[in-house]
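Chains as they are written, first to last, in my numbering: chain X, -7 to 192; chain S, 43 to 222.
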Amino acid sequence: MDRTSAPEHLSDEELASKAAEGPRSLFEELVSRYSMRLFYFLRHRTESDQDIEDLVQETFLKAFKGIDRFDPERKFSTWLYTIATREAVSHHRAHKKMKHNPVGTSSLPGPEEVVIRKEESQNIWKLATSLPKKEYEALWLFYAEEMPIKDIARATKKSPITVRVLLYRARMKLAEKIDKTSLSKNLAGASPAKHKFSLL
Amino acid sequence: MFCTVYKWLISQAADSGKPVSGFVKNHTRRCDSCREFAQLCESLKPKLAKDKQVILENTHEALNKKIILALSKERASLSGRKGTARTYLARKPALVASLAAAFVVLAISLSILFIVIPLARDTSSFGRPSELVSAASPGVLLVKAESPLEKEYLELKKTFNATTEYLRSVLDFHIGEQTE
């Protein structure tokens, strides 16, 4: 195989359109690129890790079945997150009255999970998990996926102004939370210049 | 109170990546809360991008395997469904033939119901004695031999001719005639 046509060198959109036309094994590359990203995106939707995994799996299955309908002119991530949002809503409706097992009670965390959780304790995304789900999702899509506002609106089925409001609220709440934790020092260090901001 | 508005404007600037306007800048120089919020908005982007890398480094191999396994099952069932579709297509000519036969039977039944039976009724009316008596006169016979459709046609023709005559008499403007 040509080096440039190797799955890892192709963009998401190229991979998706090639998977639709021919070998769907190319789709597995998309799975490895997006499984964790979807996992963190859907974190707020259910209480158990098992349910999140199921949701991620369902999202990929839906995407796999409908890969023929993917428009390569659009971003693959927006399309995938739209499916994930729909799946999460259906899941929520189906399990509305069912009781969930709280996180960690279904199975003990393995060594890998322990490492993840330790690293997360200083992670600002960990702090963001305490935000309401809509705000967290808007924050994830804006900062982690670097999606423009209109794409976030499309993926989450909301208006652009609602997305802006959600981001505003998320920032306000994060500001409060960061003030209360030791993260404020880290955050100050992360900015390019302490007193000279490009926003200001 | 106004800080809420300034913070909203700062948040909007963070959304678009453009710098805030002059009056917001002036306010942030005086207001600690708004300045801190602007600083946070500024630093959130690099910090969240960095932290995202950290959490995504821990790939969930078990999850990937689970998804890939589900995908291969789905692939197998999809190819199975394609096979079923082929069998269905193979049965399709028989289905088409039976549909065609049903259509022919229906067409024959309808033609018997609407063409043959009314014709038979018309012919049978000549068998009545009164009809036979009236048939003795040739003028009456001509009228009786007309079908309802022909009768309707003659009526319409008559009406049309009468209408034309009337219109010609009413709307006669003598167009083309020479005046003295």
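C-beta: ideal position from N, C-alpha, C; glycine also.
Rounded C-beta distance between residue i and residue j? I'm assuming under 8 angstroms.
i: residue 82 of chain S; j: residue 66 of chain S; result: Residue 82 of chain S to residue 66 of chain S, Cβ: 15 angstroms. No contact.
i: residue 145 of chain X; j: residue 152 of chain X; result: 5 angstroms
i: residue 281 of chain X; j: residue 97 of chain S; result: Given a span of -7 to 192 for chain X in the structure shown, any question on residue 281 of chain X remains unanswerable.
i: residue 47 of chain X; j: residue 79 of chain X; result: 6 angstroms
i: residue 123 of chain X; j: residue 165 of chain X; result: 6 angstroms
i: residue 116 of chain X; j: residue 115 of chain S; result: Not quite, the Cβ-Cβ distance comes to about 38 angstroms (not below 8 angstroms), so this is no contact.
i: residue 148 of chain X; j: residue 35 of chain X; result: Incorrect: roughly 15 angstroms between the Cβ atoms, too far for contact.
i: residue 141 of chain X; j: residue 156 of chain X; result: 6 angstroms
i: residue 105 of chain S; j: residue 31 of chain X; result: 7 angstroms
i: residue 129 of chain X; j: residue 33 of chain X; result: 6 angstroms
i: residue 52 of chain X; j: residue 12 of chain X; result: Not really, about 14 angstroms apart at Cβ, beyond 8 angstroms.
i: residue 136 of chain X; j: residue 94 of chain S; result: 4 angstroms
In chain S, which residues lie less than 8 angstroms from residue i when you measure between Cβ atoms?
i: residue 167 of chain X; result: 78, 79, 82
i: residue 23 of chain X; result: 106, 109, 110, 113
i: residue 52 of chain X; result: 109, 112, 113
For residue i, return the contacting residues in chain S, with the cut-off set at a CB-CB distance below 9 angstroms.
i: residue 20 of chain X; result: 106, 109, 110, 113
i: residue 117 of chain X; result: 90, 93, 94, 96, 97
i: residue 163 of chain X; result: 49, 52, 53, 56, 79, 82, 83, 86
Under 8 angstroms Cβ-Cβ, which residues of chain X neighbour residue i?
i: residue 57 of chain S; result: 134, 141, 156, 159
i: residue 119 of chain S; result: Going along chain X, no residue has its Cβ under 8 angstroms from residue 119 of chain S, so there is no contact; the nearest lies around 10 angstroms.
Of all the CB atoms in chain X, is at least one closer than 8 angstroms to the CB of residue i?
i: residue 69 of chain S; result: no
i: residue 53 of chain S; result: yes
i: residue 86 of chain S; result: yes
i: residue 223 of chain S; result: No information on residue 223 of chain S is available, as it lies outside the stretch 43 to 222 that chain S covers here.
i: residue 116 of chain S; result: yes
For residue i, decide whether its Cβ has a neighbour in chain S, counting only Cβ atoms nearer than 8 angstroms.
i: residue 62 of chain X; result: no
i: residue 151 of chain X; result: no
i: residue 96 of chain X; result: Note that residue 96 of chain X scores 40 on pLDDT, short of 50, meaning its location in the model is unreliable; the coordinates nonetheless yield the value given after this. Not one chain S Cβ lies under 8 angstroms of residue 96 of chain X.
i: residue 5 of chain X; result: no
i: residue 144 of chain X; result: no
i: residue 128 of chain X; result: no
i: residue 73 of chain X; result: no
i: residue 45 of chain X; result: yes
i: residue 56 of chain X; result: yes
i: residue 29 of chain X; result: yes
i: residue 170 of chain X; result: yes
i: residue 8 of chain X; result: no
Would you mind telling me which residues of chain S sit closer than 7 angstroms to residue i, beta carbon to beta carbon, in chain order?
i: residue 49 of chain X; result: 108, 109, 112
Problem - Complete alpha helix (DSSP H) runs within the region 7 to 87 of chain X (minimum length 4 residues, chain order) - result: Listed in chain order, the complete alpha helix (DSSP H) runs (minimum 4 residues) inside the region 7 to 87 of chain X are 19 to 33, 41 to 57, 68 to 86.
Practice task
Just list the alpha helix (DSSP H) runs in the region 73 to 156 of chain S, keeping only unbroken ones of 4 residues or longer that don't cross its boundaries, in chain order.
Solution key: 74 to 99, 103 to 153
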